[in-house]
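Numbering (full-length UniProt numbering) for the sequence shown: 1 to 369. Even for Gly, the Cβ is constructed at its ideal location relative to N, Cα and C. Everything numeric in this text was worked out from a predicted model, so none of it was measured. Notes to accompany the following structure.
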Amino acid sequence: MTASSLHINDQATWRGGEQQVSYLLKGLKERGERAELIAQPESVLGRLAREAKITVHPIRMRGELDIVAARQIARLIRSKGFDVVHMHTAHAHTLGCLASAFNPRPLCIVSRRVDFPINQKPLGIPALKYRWRVDHYIAISKAVKQVLVNGGVRSKKISIVHSGVAPRTPFRSREEVRQTLGLADDAPLVGNIGALVDHKGHRYLIEAIPLVLKKVPAAKFVIIGDGELRESLEALSSRLGIDDAIMFLGFQADPISYLAAIDLFVAPSHMEGLNTSIIDAMMLARPIVATQAGGIPELVENERTGLLVPPKNPGALADAIVRLLGNPEKAAELARAAREKAMEHFTADRMVEGTLAVYSRLLEEKWKS
């Protein structure tokens, strides 16, 4: 069953959610489905979608209650007759609901990628929009589904479609990356990729570093990504006296080359919908230490595909890092199992097929009713 779909994403910047929308749009196009995108005029996602020959409708979206944008979206839905309107961010969720109020209803689907609790104030926007004009939700993990259920969404209105990534080949060799960083090939290198925001837990990784250095003095750490907490995290590193051991590399256009050059990937989040950087690390067979936060245990099985520790616990994080740096055979065993799991369950193709299956099932139910 074919389904024409309109996708709404109001983010101008590029993060994991935008990567998932990009994979989805390309995958739908490859399967002969009509899929179009509404995006901010200057957005990275919009630019990359245009490069992939996907129809992009640039609409300025100034917040979730932008009635002007909602009316523009409504006119587009009405003129093109989409079967599905798929909203990919919190603000897109509200805008899509407002737009559908002006239309004979297409199927309205919302993807939820975070495990933050839903604000339950009776007359608040979050509480209202999760009860209004949405036919179905796609949660990227069991943990996110539970958040939706706790927020008042009926379980039967939620499908789980895990995020996925496409296997990628590093542009640069391990040796080249390490030379760029000024590191010897045998220097123990621990890394993280992610936005520098509170729930990603970088603070706890930084607080673990002095503990690691006591047992592995040669260890070095790289943090790839940018965000509102960069300055404070750099200040914390200075206060702890570990500036010589850690490098903040900011946004990198080729993070996969850095990921392939590290010896151990660490995900210290204390809240997390799933975490596609972990999937990237799994695909590259990098050993992983992560927390038991949100959907992460659906990726990392303790002692099988990585090591899991409690969130917000620098001591436990340090112990796990030291353990794997000191036991390369165990690290390699976990990494091989992680790659096998990722290649079977967490590919971009599997995510696209899962999403398309949700569209087809819901449209069939709608047309039968």
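query	result
H7 versus S232, E36, A331, residue with shortest Cα-Cα distance	E36
V147, DSSP secondary structure in three states	helix
Beta-carbon spacing of K220, L189 below 9 angstroms	yes
Rounded separation between E64 and N119 - CA only	15 angstroms
Residues near Q20 by beta carbon distance below 6 angstroms, same chain, minus five either side	S163
Segment contact flag, the segment 150-157 with the segment 243-251, C-beta cutoff 8 angstroms, min 3 pairs	no
Residue burial classification, K214 (beta-carbon count within 10 angstroms, cutoff 16)	exposed
Per-residue burial, K368 [other beta carbons within 10 Å of its own, 16 or more giving buried]	exposed
Status (buried if at least 16 other CB within 10 Å, exposed otherwise) for K200	buried
Presumed contact (8 angstroms Cβ cut-off) between G306 and A261, rounded CB distance	Not really, about 19 angstroms apart at Cβ, beyond 8 angstroms.
Option nearest E272 by Cα separation, candidates H202, W132, S79, R78	H202
Residue interval of the beta strand (DSSP E) (run including L37)	35-39
Burial state of I67, where buried means 16 or more other Cβ atoms lie within 10 Å	exposed
Within-9 angstroms CB hit, L183 to chain C	No chain C appears in the structure shown, which is made up of a single protein chain.
Contact check, P287 vs L324, beta carbons under 9 angstroms	yes
Sequence ranges, alpha helix (DSSP H) only - wholly within the segment 251-289, length at least 4	255-261, 276-283
M351 - DSSP class collapsed to helix/strand/coil	helix
Touch test, the segment 170-185 against the segment 225-245, Cβ-Cβ under 8 angstroms, three pairs minimum	no
E33 versus V56, S5, L45, E51, residue with shortest Cα-Cα distance	S5
H57 in three-state terms, based on DSSP	strand
Cβ-based burial, P117 [other Cβ within 10 Å; buried from 16]	exposed
L205: first and last residue of the uninterrupted alpha helix (DSSP H) it sits in	202-215
Check whether G191 and V114 have beta carbons under 9 angstroms apart	no
Residues near P41 in its chain [Cβ-Cβ closer than 8 angstroms; skip 5 each side]	P58, I59, R60
Expected contact under 8 angstroms - CB spacing of D135 and I160 to nearest Å	Contact flag wrong, Cβ pair sits at about 16 angstroms.
According to DSSP, residues forming a beta bridge with K220	L189
Range of the contiguous alpha helix (DSSP H) that encloses S100	90-100
C-alpha gap between L356 and L148, whole angstroms	21 angstroms
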